[in-house]
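All residue numbers for the sequence shown refer to the working numbering, where the first residue is 12 and numbers rise by one.
Encoded as structure tokens, the structure appears first; notes follow it.
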Amino acid sequence: MRRREFLRVFSGAAAAWPLAARAQQQATLPVVGMLRSTRAEGFANLMEALRAGLGQSGYDVGRNVAIEYRWADDQPDRLPALVAELIRKPVAVIVSNTQATLAAKAATATVPIVFVTGTDPIRDGLVTSFNRPGGNVTGISFLNGGSSGKRLELLRQLVPNAATIAVLVDPGTAEGIAERRDVEVAAQAVGQRLFVVEIRTDRDLEPAFASMVEQKAGALFIGAGAYFGGRLRLLASLAMRHGVPAAHSLREFVVAGGLMSYGTSFTDAYRQGGVYAGRILKGEHPADLPVQQAAKFEFVINLATAKALGLAVPMHIHAAADEVIE
Numbered sequence: 012m013r014r015r016e017f018l019r020v021f022s023g024a025a026a027a028w029p030l031a032a033r034a035q036q037q038a039t040l041p042v043v044g045m046l047r048s049t050r051a052e053g054f055a056n057l058m059e060a061l062r063a064g065l066g067q068s069g070y071d072v073g074r075n076v077a078i079e080y081r082w083a084d085d086q087p088d089r090l091p092a093l094v095a096e097l098i099r100k101p102v103a104v105i106v107s108n109t110q111a112t113l114a115a116k117a118a119t120a121t122v123p124i125v126f127v128t129g130t131d132p133i134r135d136g137l138v139t140s141f142n143r144p145g146g147n148v149t150g151i152s153f154l155n156g157g158s159s160g161k162r163l164e165l166l167r168q169l170v171p172n173a174a175t176i177a178v179l180v181d182p183g184t185a186e187g188i189a190e191r192r193d194v195e196v197a198a199q200a201v202g203q204r205l206f207v208v209e210i211r212t213d214r215d216l217e218p219a220f221a222s223m224v225e226q227k228a229g230a231l232f233i234g235a236g237a238y239f240g241g242r243l244r245l246l247a248s249l250a251m252r253h254g255v256p257a258a259h260s261l262r263e264f265v266v267a268g269g270l271m272s273y274g275t276s277f278t279d280a281y282r283q284g285g286v287y288a289g290r291i292l293k294g295e296h297p298a299d300l301p302v303q304q305a306a307k308f309e310f311v312i313n314l315a316t317a318k319a320l321g322l323a324v325p326m327h328i329h330a331a332a333d334e335v336i337e
């Protein structure tokens with residue numbers, strides 16, 4: 012072989028080596044599966060939070076770990092197939108919300124699962140104990156029910172002239188039932204009239220807002236839970252269109268254009284979930300990792316929305332906010 016031809020062949024092969032090496036490295040990286048029953052839209056912050064949590068455990072995406080994302084687009088019947096995809100991958104650990112965790116737990120007793128849930132994981136059958144989860148499942152609980160009274164109080168301070176406050180609840184979940192009870196108790200204590208509307212499907216939303224207008228509701232309290240959490244942009248849009256100041260438990264609602272939020276940090280809970288996923292990748296077993304309770308609360312206000320609704324935000328409320336969106 013002539014020297015020039017040899018050098019050409021050698022150079023081509025040498026150039027291919029890094030590509031082959033990167034492909035081989037990518038194939039051997041441990042994989043974390045992120046699985047949610049919701050749509051992907053509006054949840055980029057959760058993906059970033061998961062990566063941040065993995066980073067705290069020493070795992071950098073693309074260098075020593077990979078992530079596979081799966082979304083059921085609010086169609087729970089798709090979850091078993093999505094779980095099966097991840098297991099075939101195979102993934103080393105699955106990070107999931109409540110419905111996705113139930114599907115994953117039904118499919119495997121060996122792949123570690125880290126849930127991030129706003130409900131009671133014992134009541135939902137995810138674990139048997141907070142301190143000793145048992146089996147292949149553990150995770151993070153960011154129960155928002157306890158913050159309902161405070162959220163109602165802040166909404167009343169922002170809209171002090173609201174004689175009636177509408178409340179959207181999901182009657183199909185234990186969380187929705189418990190929160191309705193908590194809000195009604197808090198309202199009764201201060202003499203606040205509520206107009207409660209139960210939401211079961213998307214078809215109920217437009218009539219619900221129409222009935223709020225008929226009832227002259229001056230503000231809206233939106234319940235917590237996966238259903239409402241997956242429709243934050245829609246809810247914020249409906250509230251603005253009907254001129255109703257609205258509050259939710261998640262910061263993401265305010266980012267989407269809602270007036271205010273108060274509750275445990277959804278984003279920080281996913282960061283904690285990433286930390287747990289990293290610990291499992293290092294060899295710890297879910298059964299030995301107690302369920303963590305998210306403790307970071309955040310109060311967020313959207314000043315642009317307040318202005319559009321003709322609301323003046325009192326200075327003491329402005330000062331109390333953890334974040335103000337201009």
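The C-beta atom is built at its ideal place from N, Cα and C for all residues, glycine as well.
- A distance of 8 angstroms or more separates the beta carbons of residue 100 and residue 148.
- Between the beta-carbon of residue 219 and that of residue 210 there is about 6 angstroms, and that keeps the pair under the 8 angstroms contact cut.
- Approximately 6 angstroms separates the beta-carbon atoms of residue 150 and residue 284; this is inside 8 angstroms, confirming the contact.
- As the crow flies, the alpha-carbon of residue 43 is around 5 angstroms from that of residue 78.
- For the pair of segments examined, the stretch 71-89 was found to touch the stretch 47-62: the number of CB pairs separated by less than 8 angstroms reaches three.
- Taking a cut-off of 8 angstroms for Cβ pairs, the stretch 55-64 and the stretch 86-101 do not touch, as fewer than three such pairs fall below it.
- In the three-state reduction of the DSSP assignment, residue 152 falls in the strand class.
- Under the criterion of beta carbons closer than 8 angstroms, residue 256 and residue 246 do not qualify as touching, at roughly 13 angstroms.
- About 12 angstroms separates the beta carbon of residue 332 from that of residue 308, a gap too long to meet the 8 angstroms contact definition.
- DSSP links residue 334 through a beta bridge to 311.
- The residue from 163, 217, 316 with its alpha-carbon nearest to that of residue 191 is 163.
- About 6 angstroms separates the beta carbons of residue 251 and residue 268, which is inside the 8 angstroms limit, making them a contact pair.
- Shown here, residue 272 sits in a strand according to DSSP, grouped into three states.
- By the criterion of a C-beta distance shorter than 8 angstroms, residue 223 is surrounded in its chain by 177, 206, 208, 231, 253, 255, once the five residues flanking it on both sides are discounted.
- Boundaries for residue 286: no beta strand (DSSP E) harbours it, while the alpha helix (DSSP H) harbouring it runs 277-292, taken from the DSSP string.
- Judged by pairs of C-beta atoms under 8 angstroms, the stretch 66-74 does not touch the stretch 122-130, as fewer than three such pairs exist.
- By DSSP's assignment, residue 259 forms a beta bridge with 272.
- A distance below 8 angstroms between beta-carbons, with the five flanking residues on each side excluded, links residue 62 to the following residues of its chain, in chain order: 72, 78, 285.
- Note on residue 110: 16 or more other CB atoms within 10 angstroms of its CB, so buried under the neighbour-count rule.
- Scanning its chain for C-beta atoms nearer than 6 angstroms, with the 5 sequence neighbours on each side dropped, one finds around residue 197 the residues 160, 163, in chain order.
- Residue burial is scored here from C-beta neighbours: residue 313 has at least 16 other C-beta atoms within 10 angstroms and is therefore classed as buried.
- With a threshold of 16 other beta carbon atoms within 10 Å, residue 145 falls short and is exposed.
- Taking a contact as a CB-CB distance under 8 angstroms, the pair residue 275 and residue 319 does not count as one, their CB atoms being some 27 angstroms apart.
- If you check the CB distance, residue 315 and residue 334 do not come in under 8 angstroms.
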